[in-house]
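In UniProt numbering, the protein residues as written are 1 to 128. Here's the structure, in structure tokens; my notes come after.
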């Protein structure tokens, strides 16, 4: 498996892990009935739980384009130092983005988002 596919796999694992991190915080806010119910009328999470949910949603939004370009590069047989760098930049940036988002550190969060987007662009440039 290529390094880029490993970065994609770890990005998917991060996406699956984020709800495990913010879920218990949200559960404390809405109680057991809110957790097992259909969530109609349940308030949006606050604090770190809300930031965790938003970090997760943002990762989901960015994971799709990342996965698409990684899979296109893989299918086209394109794997070089730039695609590897782009893939690992994306993953590292998304870890920093999630951690800083949950912690409420806005400046680092924004910079991490930009680095992750740059990682995707690095791969796209190699495809063309």
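Backbone N, C-alpha and C fix where the C-beta goes; we use that ideal spot for every residue, glycine too. Being a predicted model, the structure only gives us computed values, none of them experimental.
Pick helix, strand or coil for residue i, following the three-state DSSP scheme.
i	result
residue 3	helix
residue 33	helix
residue 79	coil
residue 105	coil
residue 38	coil
residue 46	coil
Alpha carbon to alpha carbon, how far is residue j from residue i? Give it in angstroms, no decimals.
i	j	result
residue 126	residue 115	17 Å
residue 161	residue 25	The chain is shown from 1 up to 128; residue 161 falls before or after that span and cannot be answered.
residue 59	residue 47	18 Å
residue 61	residue 16	14 Å
residue 5	residue 52	25 Å
residue 78	residue 107	34 Å
residue 64	residue 2	18 Å
Tell me whether residue i is buried or exposed, calling it buried when 16 or more other Cβ atoms sit within 10 Å of its Cβ.
i	result
residue 83	buried
residue 90	buried
residue 94	buried
residue 81	exposed
Does the distance from the CB of residue i to the CB of residue j come in under 9 Å?
i	j	result
residue 22	residue 56	yes
residue 76	residue 11	no
residue 122	residue 85	yes
residue 87	residue 8	yes
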